[in-house]
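With our numbering applied, the sequence shown closes on residue 151, and no number is skipped along the way. Virtual Cβ for every residue (Gly too), placed ideally from N, Cα, C. Being a predicted model, the structure only gives us computed values, none of them experimental. To keep things clear, I will list the structure first and then write my remarks on it.
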Amino acid sequence: MAELQFITLREHPEQKDTAAGWFSSKWHVPKQAYLDCMDAYLNRETEYGWFLCLDASAIVGGLGVIENDFHDRPDLTPNICAVFTEEAYRCRGIAGALLNMAVEDLRAKGFSPVYLLTDHTGFYERYGWEFFCMAQGDGEAQMSRMYIHR
């Protein structure tokens, strides 16, 4: 197995179409929605980035940063979104490395704190995230956990 490579989409814009398709297949959000966010990042209309982990040329993990991750708290921004690691690559610290990349990138650009909406408990705490409040996800019956990274 080749060594894993952690990149930003700005470093490798040729990954845009593949990455948008990959995220869409994981989260069932239209590919065009990802392409629009990625284009804004690549065109420097936003500093909210996209972060990938590659094994050779295959995407095995990724996440993005957006204004609001489809919840009722527009005051809590920016949001980490679409965190995903392929099952065969889990428990190797990939998500943690991607989360740290995103937080450090945002901090360097003057964005802190950062928020994340999830149903997971116990996972994000390992990477310096703290439970902040409950928030209502768009179209969700149950409230979800909002985390903060300061």
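### Message
Buried or exposed for residue 86, going by 16 or more other Cβ atoms inside 10 Å?
### Response
As a first step, residue 86 must be located in the sequence shown, where it is residue number 85. By the 10 Å Cβ count, residue 86 comes out buried.
### Task
Quick one: grab the DSSP three-state call for residue 51.
Walking along the sequence shown from the start, residue 51 turns up at place 50. Residue 51 falls in the strand class under three-state DSSP.
### Cβ-based burial, residue 79 [other Cβ within 10 Å; buried from 16]
Within the sequence shown, the letter at position 78 stands for residue 79. Its Cβ being crowded by 16 or more others within 10 Å, residue 79 is buried.
### Message
Only counting the same chain, and skipping five residues up and downstream in sequence, which positions put a Cβ closer than 7 Å to that of residue 131?
### Response
As a position in the sequence shown, residue 131 is number 130, starting the count at 1. 148, 149.
### Query
Whose C-beta lies closer than 7 Å to the C-beta of residue 134 among residues of the same chain, with five residues either side of it excluded?
Locating residue 134 in the sequence shown gives position 133, where the first residue counts as 1. The answer, listed in chain order, is 147.
### Query
In or out: residue 72 buried (at least 16 other Cβ within 10 Å) or exposed?
Taking the sequence shown and counting its residues from 1, the one referred to as residue 72 is at position 71. Result: buried.
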